[in-house]
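Trainee:
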Amino acid sequence: MELAQGRKARVTPRLGGRILADALVAQGIDHVFEVPGESFLDTLDGLYDVRQKLKLVTCRFEAGAVNMAEAYGKLTGRPAAAFVTRGPGACHGSIGVHIAMQDSTPLLLFVGQIPHEDAGRDAFQEIDYRRMFSSVAKWVTQIDHAKRIPEIVAHAVDVATSGRPGPVVIALSEEMQRDLAEVPDLPRSSVTPACPDPAALLQLRAMLSRARRPIAVLGGSCWTEAGRASIRDFLLGNELPVAVGFRRQALYDGTAENFAGDLGVGSDPGLIGKVKEADLIVAIGSRLGDTVTQGYTLLDMAGNVPIVQVHPEGAEIGRVFRPVLGIVADLNRFAEAVAAMEPVQPSWGAWRHELRSLREAQRAVPNYEGTLNLGTVMHEFAAQLADDAIVTTDAGNFAGWATRFINFRDGQRYIGPTNGAMGYSVPAAVGAKIAFPQRMVVSLVGDGGFLMTGQEVATAFHHGVAPIVMVFNNQMYGTIRMHQERTYPWRVSGTALTNPDFAKYIDAFGGHGEVVNETGEFAPAFRRAVESGRPALIELRMNPDQITTRQTIAQLRAGKTPPKPAAKPKRAAAPNRPKPARAGGGTAKPRG
Ligand SMILES: Cc1ncc(C[n+]2csc(CCOP(=O)(O)OP(=O)(O)O)c2C)c(N)n1
Ligand SMILES: [Mg+2]
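The following block contains the structure:
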């Protein structure tokens with residue numbers, strides 16, 4: 117290496133796999149989630165040498181591995197690495213890349229590549245990753261020369277964490293991992309985060325003092341604890357009502373007097389109505405994307421209601437809704453700056469109070485039909501959640517139970533795929549528990565989502581950690597059934613499920629299983645699950661008719677004409693006709 121003084125530093129020759137392992141350590145990566153493949157055998161060997169500094173987590177499915185790495189990035193603001201093999205491994209892992217992209221999460225995905233000399237022959241498991249990932253990753257590259265490893269890994273971390281954070285995919289050509297090279301490790305770069313322009317802050321303050329019905333929309337990723345505390349000081353100090361973006365509950369203390377709820381799928385219609393009445397929107401970190409803006413309908417595209425948008429990436433500001441004031445800034449620096457700003461004299465006390473009352477009214481539990489009242493269960497669950505608990509969620513209607521009835525507290529984290537990917541929650545919980553073994557970690561998941569990636573509980577057993585999984589069993593892909601009943605009532609098609617005995621499933625691994633049929637059974641079951649100290653699964657046997665927290669299937673069908681019963685089929689001539697498939701309604705008795 118050429119040093120500034122002109123001296124040469126001595127660098128020991130290393131194999132590519134080892135250089136890569138050292139580069140990860142040098143860039144501060146401390147967790148690697150992987151499913152092995154012969155395409156990165158040499159890097160696995162390199163990782164063996166750094167096993168004291170970097171935790172290698174062996175997973176059961178690439179979607180699980182990449183979801184674990186994504187959850188790590190969401191929780192820490194720092195990227196973890198996932199390693200998957202070429203072709204099939206990359207395809208399985210791609211879902212986590214899409215999650216990281218849409219959720220703005222820093223992530224590194226390394227993919228083994230076929231030998232260079234066979235490139236372009238449609239060789240065994242060959243894929244051109246630059247083309248495959250070009251629309252789902254922030255950057256896709258390939259390392260072909262061992263001596264370029266430190267440079268490319270360092271740049272990948274910079275890309276993943278800067279501006280709007282996101283996933284970087286790095287293909288590893290097979291032979292370069294075995295090549296000897298003399299190249300030094302590179303240190304992490306220290307870059308000053310973008311600070312907000314003081315003139316823009318004055319403008320924001322002036323806009324706030326003119327407002328009568330302002331609302332802040334909080335979103336984005338890579339918030340630090342200090343950043344969250346500062347933004348809370350600013351929002352509380354100005355008594356600004358706060359809505360969090362879809363699945364961004366972790367950003368704000370739900371018990372605070374100005375928390376108004378979340379904007380996303382299945383949000384409180386009352387809150388949505390109030391946002392339409394607002395006279396100033398202050399979007400902090402939020403992209404004001406599809407789900408938050410209720411399919412781009414919530415806000416005014418022509419700018420009649422002024423929007424202030426703060427985002428670390430200039431290109432994201434005003435992407436759909438044009439703000440009156442856009443502020444490019446690192447979110448934590450912005451929070452620090454506005455917390456230090458003299459609060460305005462808020463004239464919106466009654467407005468804030470109204471929004472808070474709406475939120476509290478949402479949390480009051482209705483008299484649901486059936487033996488298991490999930491509203492009450494959520495309150496009992498919240499009461500037993502540790503102060504620093506991490507709750508992960510999947511995609512599905514079941515998720516509405518927690519977001520409607522629980523105000524997550526400061527210190528607790530609630531993370532989920534804002535891109536609506538099923539199969540996220542269990543791996544995310546396993547990854548979270550491996551990264552934070554001392555914290556209580558609970559996965560919330562539907563019966564559909566659980567059987568997509570629920571086998572990652574095996575990874576929890578393998579690495580000796582004990583998350584708790586709560587399966588909301590309604591024996592169906594409930595969300596799609598809801599849409600089906602709205603558009604095609606009574607015509608249940610392709611949405612019913614047959615499930616195993618979930619408690620026995622976890623039992624087979626050596627875990628603790630519980631089945632909850634009645635409201636009163638939940639609190640002791642959860643307590644036993646925590647006390648067991650083993651990975652645990654609680655199956656919540658729901659009333660399948662209660663399709664959301666606000667509607668039943670019967671209500672969706674009300675006033676619509678049932679279809680005429682199908683004409684009886686004529687007797688077929690064949691004597692051993694197969695039995696007709698069981699009708700796919702959601703009312704069949706749960707199994708197990
Ligand atoms: C990977 C993936 N596949 C399919 C979908 C479409 N989808 C959205 S919600 C849903 C049903 C989820 O079922 P379940 O996990 O049982 O939760 P429920 O809606 O019944 O509460 C489906 C199939 C999706 N979002 N993600
Ligand atoms: Mg379901």
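Following my numbering, the numbering of the sequence shown begins with 117 at its first residue and continues without gaps.
By construction, the Cβ of each residue, glycine as well, lies at the ideal position given by its N, Cα and C atoms.
The structure displayed is predicted, hence computed values, not measured ones.
1) Does the region 414-423 come within contact of the region 348-358, defined as at least 3 CB pairs closer than 8 Å?
2) Can you tell me the Cα-Cα spacing of Ala720 and Asn448, whole angstroms?
3) If you run the structure through DSSP and keep just helix, strand and coil, what is Gln241?
4) Could you check what DSSP says for Phe150 in three-state terms: helix, strand or coil?
5) Starting from Asn589 and walking both ways along the beta strand (DSSP E), at which residues does that stretch end?
6) With distances taken between CB atoms, is the gap from Asp219 to Glu186 smaller than 9 Å?
7) Report the rounded CA-to-CA distance for Asp138 versus Arg264, giving the unit in angstroms.
8) DSSP on Ala697, reduced to helix/strand/coil?
9) What are the residues that DSSP puts in a beta bridge with Gly592?
10) Suppose you measure from the CA of Gly565 to the CA of Phe249; what does that come to, to the nearest Å?
11) Only counting the same chain, and skipping five residues up and downstream in sequence, which positions put a Cβ closer than 6 Å to that of Gly335?
12) Please go through the same chain and pick out, in chain order, the residues whose beta-carbon is closer than 8 Å to the beta-carbon of Ile331, but skip the five residues on each side of it.
13) Within this structure, are the beta carbons of Asn615 and Asp661 separated by less than 9 Å?
14) Closer than 8 Å to a non-hydrogen atom of ligand 2 - does that hold for the CB of Tyr621?
15) Excluding sequence positions up to five away, which residues of its chain have a Cβ less than 7 Å from the Cβ of Arg134?
16) In angstroms, rounded to a whole number, what distance separates the CA positions of Ala652 and Arg237?
17) Note down the Cα distance separating Ala645 from Ala582, rounded to an integer number of angstroms.
18) Tell me Pro681's beta-bridge partners as DSSP assigns them.
19) Leaving out the 5 sequence neighbours to the left and right, which residues in its chain are closer than 7 Å to Ser463 when beta-carbon positions are compared?
20) With burial defined as no fewer than 16 other Cβ atoms inside 10 Å of the residue's Cβ, what is the status of Leu404: buried or exposed?
21) On the CB-based measure, 16 or more other CB atoms within 10 Å of its CB, does Ser306 come out buried or exposed?
22) So is Met598 buried or exposed if we call it buried at 16+ other beta carbons inside 10 Å?
23) Please list, following the chain, all residues that have a C-beta closer than 7 Å to any non-hydrogen atom of ligand 2.
24) Report the residue from Tyr368, Met658, Met538, Gln425 whose alpha carbon sits nearest the alpha carbon of Ile522.
25) Could you tell me which uninterrupted alpha helix (DSSP H) segments, each at least 4 residues in length, are contained entirely in the region 356-430, listed from first to last along the chain?
26) For Val573, tell me which candidate among Gly594, Pro543, Pro553, Met592 has the shortest Cα-Cα distance.
27) Nearest-angstrom Cα distance between Pro266 and Val273?
28) Looking at Arg597 and ligand 1, is the gap between the Cβ and the nearest heavy atom below 8 Å?
29) Give the list of continuous beta strand (DSSP E) stretches no shorter than 3 residues that lie fully inside the region 200-229.
30) Do Ser559 and Met538 count as a contact pair if the criterion is CB distance below 9 Å?
31) For the beta strand (DSSP E) containing Leu334, name the first residue and the last one.
32) Would you kindly report the start and end of the unbroken beta strand (DSSP E) that includes Lys254?
33) Could you check where the alpha helix (DSSP H) with Val269 kicks off and where it finishes?
34) So if DSSP puts Thr668 in a beta bridge, which residue, or which two residues, is it bridged to?
Mentor: Here's the rundown:
1) no
2) Past the edges of the chain, shown from 117 to 708, lies residue 720, and the structure says nothing about it.
3) coil
4) Note that residue 150 corresponds to Glu in the displayed sequence, not to Phe. Strand at Glu150.
5) 584-589
6) yes
7) Each residue's alpha carbon lies about 13 Å from the other.
8) Because Ala697 carries a pLDDT of 36, less than 50, the predicted location of this residue cannot be relied on, and the following value inherits that uncertainty. Correct three-state label for Ala697: coil.
9) The displayed chain sequence assigns Met, not Gly, to residue 592. Per DSSP, Ala612.
10) 24 Å
11) Gly361, Arg364, Gly401, Ser402
12) Leu356, Pro357, Val358, Ala359, Ala376, Lys390, Val391, Ala394, Leu396, Ile397, Val398, Leu471
13) Between Asn615 and Asp661, the gap from beta carbon to beta carbon reaches 9 Å or more.
14) Remark: the C-beta of Tyr621 is outside contact range of ligand 2, defined as less than 8 Å to any heavy atom.
15) Gly162, Asp165
16) 48 Å
17) 10 Å
18) For Pro681, which the question treats as bridged, DSSP gives no partner whatsoever.
19) Arg328
20) buried
21) exposed
22) buried
23) Any residue whose Cβ sits closer than 7 Å to a heavy atom of ligand 2 makes the list: Gly512, Phe514, Gly562, Asp563, Gly564, Phe588, Asn589, Asn590, Gln591, Met592, Tyr593, Gly594, Leu613.
24) Tyr368
25) 385-393
26) Nearest of Gly594, Pro543, Pro553, Met592 to Val573, Cα basis: Pro543.
27) Roughly 11 Å separates the two Cα atoms.
28) yes
29) 223-228
30) no
31) 330-334
32) Note, Lys254: premise wrong, no beta strand (DSSP E); not H, not E.
33) Taken as a continuous stretch (DSSP letters only), the alpha helix (DSSP H) holding Val269 covers 265-277.
34) DSSP output for Thr668 lists Gln662 as bridge partner(s).
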